[in-house]
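>
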Amino acid sequence: MKASVPVLGGAAVEVDLDVSNEVLSRLVAVPAFVDLYCDPGFPGFPPRETLDSLVVGAEAGGFGALLCSPRVEPIVDVPENLGRVEARGGVRLLNAAALTVGLGGVELTEMGLLARAGAVALSDGGVPHRDTAVLRNALEYAREFDLTVLLRPADADLDIVGVANDSAAAVRLGLRGNPAATEEIGVARALALCRATGATVHLTHLGTAVAVELLDRARREGLPISGSCAARSLLLCEDDLDDGAYDARYRLHPPLRSAADRAALVDGVRAGVLAVAADHQPRAPEEKDHEFERAVPGSAGLESAFAAAYTALGDLEATVRALAIMPREIIGLEVKTLAIIDPLGTTLPASAGGRHRADALAGRQLRGAVLGLSR
Amino acid sequence: MERKDLLGLRGMPRAEIEALISTAARMRQVGERRIKKVPTLRGRLVVSLFFENSTRTRTSFELAAKRLSADTLSFNVSTSSTAKGETLMDTARNIHAMQPDCIVIRHASAGAPALLARSFPFSVINAGDGINEHPSQALLDMLTMSDHWGALDGRTVAIVGDVQHSRVARSNIFGLATMGARVVVAGPGTMCRRELAALPVTRRHTIDEVVGEADAIMMLRIQRERLGKAMLPSAREYAAFYGLDLDRLQRARPEVLVMHPGPINRGVEIGAEVADGGRSVILDQVTNGIAVRMALLYHLLGREGPVDEG
Numbered sequence: 001m002k003a004s005v006p007v008l009g010g011a012a013v014e015v016d017l018d019v020s021n022e023v024l025s026r027l028v029a030v031p032a033f034v035d036l037y038c039d040p041g042f043p044g045f046p047p048r049e050t051l052d053s054l055v056v057g058a059e060a061g062g063f064g065a066l067l068c069s070p071r072v073e074p075i076v077d078v079p080e081n082l083g084r085v086e087a088r089g090g091v092r093l094l095n096a097a098a099l100t101v102g103l104g105g106v107e108l109t110e111m112g113l114l115a116r117a118g119a120v121a122l123s124d125g126g127v128p129h130r131d132t133a134v135l136r137n138a139l140e141y142a143r144e145f146d147l148t149v150l151l152r153p154a155d156a157d158l159d160i161v162g163v164a165n166d167s168a169a170a171v172r173l174g175l176r177g178n179p180a181a182t183e184e185i186g187v188a189r190a191l192a193l194c195r196a197t198g199a200t201v202h203l204t205h206l207g208t209a210v211a212v213e214l215l216d217r218a219r220r221e222g223l224p225i226s227g228s229c230a231a232r233s234l235l236l237c238e239d240d241l242d243d244g245a246y247d248a249r250y251r252l253h254p255p256l257r258s259a260a261d262r263a264a265l266v267d268g269v270r271a272g273v274l275a276v277a278a279d280h281q282p283r284a285p286e287e288k289d290h291e292f293e294r295a296v297p298g299s300a301g302l303e304s305a306f307a308a309a310y311t312a313l314g315d316l317e318a319t320v321r322a323l324a325i326m327p328r329e330i331i332g333l334e335v336k337t338l339a340i341i342d343p344l345g346t347t348l349p350a351s352a353g354g355r356h357r358a359d360a361l362a363g364r365q366l367r368g369a370v371l372g373l374s375r
Numbered sequence: 001m002e003r004k005d006l007l008g009l010r011g012m013p014r015a016e017i018e019a020l021i022s023t024a025a026r027m028r029q030v031g032e033r034r035i036k037k038v039p040t041l042r043g044r045l046v047v048s049l050f051f052e053n054s055t056r057t058r059t060s061f062e063l064a065a066k067r068l069s070a071d072t073l074s075f076n077v078s079t080s081s082t083a084k085g086e087t088l089m090d091t092a093r094n095i096h097a098m099q100p101d102c103i104v105i106r107h108a109s110a111g112a113p114a115l116l117a118r119s120f121p122f123s124v125i126n127a128g129d130g131i132n133e134h135p136s137q138a139l140l141d142m143l144t145m146s147d148h149w150g151a152l153d154g155r156t157v158a159i160v161g162d163v164q165h166s167r168v169a170r171s172n173i174f175g176l177a178t179m180g181a182r183v184v185v186a187g188p189g190t191m192c193r194r195e196l197a198a199l200p201v202t203r204r205h206t207i208d209e210v211v212g213e214a215d216a217i218m219m220l221r222i223q224r225e226r227l228g229k230a231m232l233p234s235a236r237e238y239a240a241f242y243g244l245d246l247d248r249l250q251r252a253r254p255e256v257l258v259m260h261p262g263p264i265n266r267g268v269e270i271g272a273e274v275a276d277g278g279r280s281v282i283l284d285q286v287t288n289g290i291a292v293r294m295a296l297l298y299h300l301l302g303r304e305g306p307v308d309e310g
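So the protein sequences, as listed, match chains X and Z.
So in this note's numbering the end of the first sequence lands on 375, straight run, no missing numbers.
So in this note's numbering the end of the second sequence lands on 310, straight run, no missing numbers.
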């Protein structure tokens, strides 16, 4: 059925939808979302994900473009390994190429050749850099090719300590704690290097109040820096671990931080300091069927990202800015696709056809639903 | 007590702890008889599944099961067989196929017993999971204290040493708080961190700050592999600030109980003359361990069977 749906802040768009008139009357079209940090299981990890399930998940989640991490198999650290699929369905697959060879933090990649071959950003796939001198060189070098460098800010030594936020929840549950200082040190270092090199930096996976504060200050200072958090971290915090079940769904890295941190992230997104990413890291069921510490960290996120952010923010414009507008600015990208939203719908992450069972938000009823993409 | 598993003392109601302690006191009598066996769990299968080395806890559970006439089976899963790739869940599925009634598990990861408990119908007893809990140890400690004091309400228990990484300390902290006792902890900054404020404890630094106010002093074992690392400079430094020697014991209350979960490091956390002295109840703890584990198996598995036969 052809129908006309109003575009948020614009004219109407003609879409082909099979919904009741009641639902149709409340739909709105928004710029399709762009995931700033997607860690796909494709290529290389078929039990996690295939190209088809990735694209189906993205469409279901309203994503018109995914910035895919180089942490696939083979690692995207030479131009020959760049993803060959540029788009499938309504979804563009963009590549962040590795910053250092093998994501090893030692040697620089051929950033120029990678950019020429189509890489739109650089990233070491969330692996923190132990050697700050190498990181400084990488930023100096990347700057001249005008590529945004994605960094997950973390002190590399503290990063491998613990599996839960180092505070009340970890102490109560007897889980080894990872301190917020891990991230705070990483953010402070990234800001210092951004200031020193002038490279454009995007900080991923932010989870602490201090990170939001430091980022806000740096942006006011005019540094070319931006940041994002995972949509799920706007809803979940360490207290969700506290049911004694040691549920591997909540085994995430970096770990869920405190309720106060979560509130700071929500405030940061509302204030336009932070963008929001799906932080899609699908895991096969057998990777989660373990004791908490041994379960593979990560969670699917594409299908729940919009509803998670909308539920936490309660504001469609702020949600669209964080998931669609800011990501376009951060990676300098034009994506014309629209996502069709039912703000009064509900999303149940667990019910998504069993595709992404390891979504940390599974079992929750989230506010808002994506009906699909419109090209 | 409607309970399938014993995973920890966190959140366990006072009435259940009291029931276990009082059953354990009765079970102790079985060990004092010439024939140390009752038929309560005849035909039931208790499997011990230890992923970490343990002699005393494993033998204590096995002896407890045998005194209740259960069949016992012991899996010693060395770290190498985990390295061969079998997951905990697969190991447990294999054992489940042998139709056990109860699995006693020790594992390096917090929550491993919880994972089995929610995945399988058999009872699960946590015999130590990572740095989380070791509930049977805390129950035997509380039985030992209650032998001397009766009720634990209003008593002060000092726990000294590596509180941060001690599942014995944590189970005691949860259990003692429920039973109305006050827990004071002391130890090096790396082992007694500020985050412990999330638990119902008062935090101090050196042993001298707690020795005078305690009705019981529980010394934790210092793991020698931690010495000389960034966690702890040396054994003599430890003994100087956190060890319980005779001189310090003389500043304690005259009726104080000296406790230790064992195995002890003489001359490091506890002086030999203190460990062997009149205030030490360390060997009572071992005897009580068997009784407490019998009580646990009885409550989880065997309440329909008779206890006083034999």
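Yeah, the Cβ is synthetic: ideal placement off N, Cα and C, and Gly gets one too.
It should be emphasised that the depicted structure is a prediction, and the values quoted were computed from it without experimental measurement.
Specify the secondary structure class of residue 246 of chain X as computed by DSSP and reduced to three states.
On the first sequence, position 246 is the one that residue 246 of chain X refers to. Coil.
> Taking C-beta to C-beta, are residue 163 of chain Z and residue 220 of chain Z nearer than 8 angstroms?
The residue labelled residue 163 of chain Z in the question sits at position 163 within the second sequence. The residue labelled residue 220 of chain Z in the question sits at position 220 within the second sequence. Contact: yes.
> Beta carbon of residue 174 of chain X: closer than 7 angstroms to some heavy atom of the ligand MN?
The ligand MN is absent from the structure shown, which contains no ligands of any kind.
> Please report the straight-line C-alpha distance between residue 138 of chain Z and residue 41 of chain X, rounded to a whole angstrom.
As a position in the second sequence, residue 138 of chain Z is number 138, starting the count at 1. As a position in the first sequence, residue 41 of chain X is number 41, starting the count at 1. In a straight line, the C-alpha of residue 138 of chain Z is about 45 angstroms away from that of residue 41 of chain X.
> Would a C-beta distance cut-off of 8 angstroms place residue 322 of chain X and residue 266 of chain X closer than the cut-off?
Residue numbering aside, residue 322 of chain X sits at position 322 when the first sequence is read from its first letter. Residue numbering aside, residue 266 of chain X sits at position 266 when the first sequence is read from its first letter. No, they are not a contact pair.
> Run through the segment 266–295 of chain Z for me and flag every whole alpha helix (DSSP H) of 4 or more residues, listed as ranges in chain order.
272–275
> Hey, residue 163 of chain X and residue 198 of chain Z: beta-carbon distance below 8 angstroms or not?
As a first step, residue 163 of chain X must be located in the first sequence, where it is residue number 163. As a first step, residue 198 of chain Z must be located in the second sequence, where it is residue number 198. Cβ atoms of residue 163 of chain X and residue 198 of chain Z: not closer than 8 angstroms.
> Quick check on residue 145 of chain Z - is its C-beta less than 8 angstroms from some C-beta in chain X?
In the second sequence, counting from the first residue as 1, residue 145 of chain Z sits at position 145. No, its Cβ sits nowhere closer than 8 angstroms to a Cβ of chain X.
> Are the beta-carbon atoms belonging to residue 9 of chain Z and residue 175 of chain Z less than 8 angstroms from one another?
Translated into positions along the second sequence, residue 9 of chain Z becomes position 9. Translated into positions along the second sequence, residue 175 of chain Z becomes position 175. Going by C-beta atoms, residue 9 of chain Z is nearer than 8 angstroms to residue 175 of chain Z.
> If you check the beta carbons only, do residue 316 of chain X and residue 8 of chain X fall under 8 angstroms apart?
Your numbering for residue 316 of chain X matches position 316 in the first sequence. Your numbering for residue 8 of chain X matches position 8 in the first sequence. Yes.
> Just to confirm before moving on: does the CB-CB distance between residue 268 of chain Z and residue 222 of chain Z stay below 8 angstroms?
Counting from 1 along the second sequence, the entry for residue 268 of chain Z is found at position 268. Counting from 1 along the second sequence, the entry for residue 222 of chain Z is found at position 222. Yes. Within cutoff.
> Alpha carbon to alpha carbon, how far is residue 211 of chain X from residue 108 of chain X?
Sequence index remark: in the first sequence, residue 211 of chain X carries index 211 (1-based). Sequence index remark: in the first sequence, residue 108 of chain X carries index 108 (1-based). The straight-line gap from Cα to Cα measures roughly 27 angstroms.
> Which value, in whole angstroms, describes the spacing of the CA atoms of residue 118 of chain Z and residue 130 of chain X?
Mapped onto the second sequence, residue 118 of chain Z falls at position 118. Mapped onto the first sequence, residue 130 of chain X falls at position 130. Rounded to whole angstroms, residue 118 of chain Z to residue 130 of chain X spans 39 angstroms at the Cα level.
> Short of 8 angstroms in beta carbon distance, which residues of its chain neighbour residue 262 of chain Z, apart from the five on each side in sequence? Order them along the chain.
The residue labelled residue 262 of chain Z in the question sits at position 262 within the second sequence. These residues qualify, in order along the chain: 56, 221, 282, 285 and 286.
> Going by C-alpha distance, which of X:160, X:113, X:202 and X:173 is nearest residue 182 of chain X?
To locate residue 182 of chain X, count along the first sequence from 1; it is residue 182. That would be X:160, whose Cα lies nearest to the Cα of residue 182 of chain X.
> Leaving out five residues on either side along the sequence, give the residues of the same chain with a beta carbon under 6 angstroms from the beta carbon of residue 173 of chain Z.
For the purposes of this step, residue 173 of chain Z is identified with residue 173 of the second sequence, where counting begins at 1. Counting only Cβ-Cβ distances below 6 angstroms, and skipping sequence neighbours, we find 183, 199 and 201.
> Please confirm whether residue 60 of chain X and residue 339 of chain X have their CB atoms less than 8 angstroms apart.
In the first sequence, the residue the question calls residue 60 of chain X occupies position 60. In the first sequence, the residue the question calls residue 339 of chain X occupies position 339. No; because the gap between Cβ atoms is not below 8 angstroms, this pair is not in contact.
> What is the rounded straight-line gap between the Cα of residue 232 of chain Z and the Cα of residue 158 of chain Z?
Position 232 of the second sequence, counted from the first residue, corresponds to residue 232 of chain Z. Position 158 of the second sequence, counted from the first residue, corresponds to residue 158 of chain Z. If you take the alpha carbons of residue 232 of chain Z and residue 158 of chain Z, they lie about 21 angstroms apart.
> Looking only at DSSP bridge pairs, what is residue 88 of chain X linked to?
What you label residue 88 of chain X is simply residue 88 of the first sequence in a count that begins at 1. Residue 88 of chain X pairs with X:91.
> Compare the Cα-Cα distances from residue 215 of chain X to each of X:99, X:189, X:232 and X:239 and report the closest residue.
On the first sequence, position 215 is the one that residue 215 of chain X refers to. Selected option, being the one with the closest Cα: X:189.
> Going by C-alpha distance, which of X:202, X:285, X:368 and X:284 is nearest residue 139 of chain X?
Reading the first sequence from its first residue, position 139 is the one you call residue 139 of chain X. It is X:202 whose Cα lies nearest to the Cα of residue 139 of chain X.
> Would you call the CB atoms of residue 167 of chain Z and residue 205 of chain Z closer than 8 angstroms?
Within the second sequence, residue 167 of chain Z is the residue found at index 167, counting from 1. Within the second sequence, residue 205 of chain Z is the residue found at index 205, counting from 1. In this structure, residue 205 of chain Z does not lie closer than 8 angstroms to residue 167 of chain Z by Cβ.
> Name the residue from X:90, X:134 and X:81 whose alpha carbon lies nearest to the alpha carbon of residue 106 of chain X.
Here residue 106 of chain X corresponds to residue number 106 of the first sequence, with the count starting at 1. Residue 106 of chain X has its Cα closest to that of X:134, out of X:90, X:134 and X:81.
> What is the C-beta distance between residue 210 of chain Z and residue 186 of chain Z, in whole angstroms, given that I count them as a contact (C-beta under 8 angstroms)?
Stepping through the second sequence from its first residue, residue 210 of chain Z is reached at position 210. Stepping through the second sequence from its first residue, residue 186 of chain Z is reached at position 186. Contact check for residue 210 of chain Z and residue 186 of chain Z: beta-carbon distance about 5 angstroms, within the 8 angstroms limit, so the pair qualifies.
> Expressed to the nearest angstrom, what Euclidean distance is found between the alpha-carbon atoms of residue 50 of chain X and residue 196 of chain Z?
One-based indexing of the first sequence puts residue 50 of chain X at position 50. One-based indexing of the second sequence puts residue 196 of chain Z at position 196. Rounded to whole angstroms, residue 50 of chain X to residue 196 of chain Z spans 44 angstroms at the Cα level.
> In angstroms with no decimal places, state the Cα-to-Cα distance between residue 142 of chain X and residue 76 of chain Z.
Reading the first sequence from its first residue, position 142 is the one you call residue 142 of chain X. Reading the second sequence from its first residue, position 76 is the one you call residue 76 of chain Z. Rounded to the nearest angstrom, the two C-alpha atoms are 53 angstroms apart.
> Would residue 176 of chain X pass as an interface residue toward chain Z - the criterion being a Cβ-Cβ separation below 8 angstroms?
Residue numbering aside, residue 176 of chain X sits at position 176 when the first sequence is read from its first letter. Chain Z, which has a Cβ nearer than 8 angstroms to the Cβ of residue 176 of chain X, makes this yes.
> Skipping 5 residues on each side, what residues in its chain have a beta carbon closer than 6 angstroms to that of residue 120 of chain X?
As a first step, residue 120 of chain X must be located in the first sequence, where it is residue number 120. 94 and 331.
> Check whether the segment 356–375 of chain X touches the segment 300–311 of chain X, counting contact only when three or more Cβ pairs, one atom from each stretch, lie closer than 8 angstroms.
yes
> Quick one: what does DSSP say residue 218 of chain Z is sitting in, helix, strand or coil?
For this step, residue 218 of chain Z is matched to residue 218 along the second sequence. Correct three-state label for residue 218 of chain Z: strand.
> Please report how far the alpha carbon of residue 260 of chain Z lies from the alpha carbon of residue 143 of chain Z, in whole angstroms.
Translated into the one-based positions of the second sequence, residue 260 of chain Z becomes position 260. Translated into the one-based positions of the second sequence, residue 143 of chain Z becomes position 143. About 14 angstroms.
> Let me see if you follow: with CB-CB separation under 8 angstroms, is residue 168 of chain X close to chain Z or not?
Reading the first sequence from its first residue, position 168 is the one you call residue 168 of chain X. Yes, contact with chain Z.
> Strictly under 8 angstroms for the Cβ-Cβ distance: is residue 171 of chain X near chain Z by that measure?
The sequence position of residue 171 of chain X within the first sequence is 171, counting from 1. Cβ-Cβ to chain Z under 8 angstroms: yes for residue 171 of chain X.
> Is there contact between the segment 149–157 of chain Z and the segment 100–120 of chain Z, where contact requires at least three CB pairs shorter than 8 angstroms?
Because the criterion of three Cβ pairs below 8 angstroms is not met, the segment 149–157 of chain Z and the segment 100–120 of chain Z do not touch.
> With a threshold of 16 other CB atoms inside 10 Å of the CB of residue 81 of chain X, please say whether the residue is buried or exposed.
One-based indexing of the first sequence puts residue 81 of chain X at position 81. Buried, because 16 or more other Cβ atoms sit within 10 Å of the Cβ of residue 81 of chain X.
> Using three-state DSSP, classify residue 354 of chain X as helix, strand or coil.
Numbered from 1 along the first sequence, position 354 holds the residue referred to as residue 354 of chain X. Its pLDDT being 48, under 50, residue 354 of chain X is placed unreliably in this model, and the value from its coordinates should be taken loosely. It is coil, neither helix nor strand.
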